[in-house]
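Residue numbers (our numbering): 280 to 542. By construction, the Cβ of each residue, glycine as well, lies at the ideal position given by its N, Cα and C atoms. Input: a single structure, listed below in structure tokens.
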């Protein structure tokens with residue numbers, strides 16, 4: 280199916296942003312699958328569903344939970360307005376890649392090739408396909424190192440939902456997935472909320488978890504203050520990657536030989 284970008288839609292004649300129509304999204308989803316990006320969704324950067332995520336991020340910073348991750352505070356304004364990284368940006372194309380590994384001291388996601396490099400390479404190939412479909416669009420690849428609320432974007436794009444542990448849960452895959460995004464100046468010509476507008480759930484993101492709290496109870500260091508409320512200063516990933524000072528003895532005993540996480 281040939282995909283094109285329409286010139287105008289109901290946003291008004293004064294909006295000359297290139298367009299991503301349903302056919303283009305379908306072609307991009309097909310290309311993503313061929314590249315090993317298991318699922319692809321799209322969401323407008325101005326989707327109202329981002330507001331709760333921004334508010335939660337502000338509370339996280341205000342509570343001092345960023346610890347020694349000063350960059351989270353320095354990049355807060357950009358996280359609230361990602362278009363600062365790409366002026367004119369309108370849409371996020373969000374993809375996920377599953378990972379596996381053996382249980383052991385090293386977190387599963389860290390047992391193979393650097394996922395930043397792997398997903399970045401695949402998204403560059405997807406970006407090339409986007410340029411073919413919508414030549415006027417500019418884009419930017421984002422894989423974890425860019426100031427972007429990727430998990431919220433993935434949920435709003437219809438890839439899954441956020442669990443009580445704050446991670447994306449993809450039906451059929453669980454939370455063993457890694458996320459990457461392609462920001463573009465192309466606007467969604469059809470459903471403004473993304474490929475699956477119904478993915479913008481009402482209520483708390485983790486409502487789909489029901490009464491289950493296995494992830495919270497399984498945390499070796501008790502790093503959760505409640506559903507969706509992680510304190511990284513007690514998290515194995517933070518303590519073994521981000522923290523530059525000594526690990527408190529009480530937490531070190533709970534961490535044991537684990538490195539980079541507890542999955």
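Exposed or buried, which one is residue i when buried takes at least 16 other CB atoms within 10 Å?
i	result
residue 338	exposed
residue 300	buried
residue 500	buried
residue 395	exposed
residue 343	exposed
residue 523	exposed
residue 491	exposed
residue 326	buried
residue 309	exposed
residue 350	exposed
residue 489	exposed
So for residue i, helix, strand or coil by DSSP?
i	result
residue 448	strand
residue 519	helix
residue 400	helix
residue 430	helix
residue 508	strand
residue 460	strand
residue 530	helix
residue 304	helix
residue 480	With a pLDDT of 45 at residue 480, under the threshold of 50, the modelled position of that residue is not reliable, and the figure given next carries that caveat. DSSP places residue 480 in coil when its eight states are reduced to three.
residue 498	coil
residue 537	coil
residue 435	helix
residue 331	helix
residue 514	coil
Could you tell me which residues DSSP pairs with residue i in its beta bridges?
i	result
residue 298	466
residue 544	In the structure as shown, the chain begins at 280 and stops at 542. Residue 544 is therefore absent and cannot be evaluated.
residue 503	509
residue 421	460
residue 440	448
residue 453	449
- Which runs of the beta strand (DSSP E) fall wholly inside the stretch 336–417 and span at least 3 residues, in chain order? Runs of the beta strand (DSSP E) lying entirely within the stretch 336–417, each at least 3 residues long, are 370–377 in chain order.
- Does the count of Cβ pairs from the stretch 417–425 and the stretch 457–466 closer than 8 Å reach three? With a cut-off of 8 Å, the stretch 457–466 and the stretch 417–425 count as touching, because enough Cβ pairs lie within range.
- Are the stretch 365–372 and the stretch 319–336 touching, with three or more C-beta to C-beta distances below 8 Å? These segments touch.
- Okay, do the stretch 425–439 and the stretch 357–364 touch, 3+ Cβ pairs below 8 Å being the bar? Counting Cβ pairs under 8 Å, three or more are found: they touch.
- Does the pairing of the stretch 347–357 with the stretch 388–405 give three or more beta-carbon distances under 8 Å? No, they do not touch.
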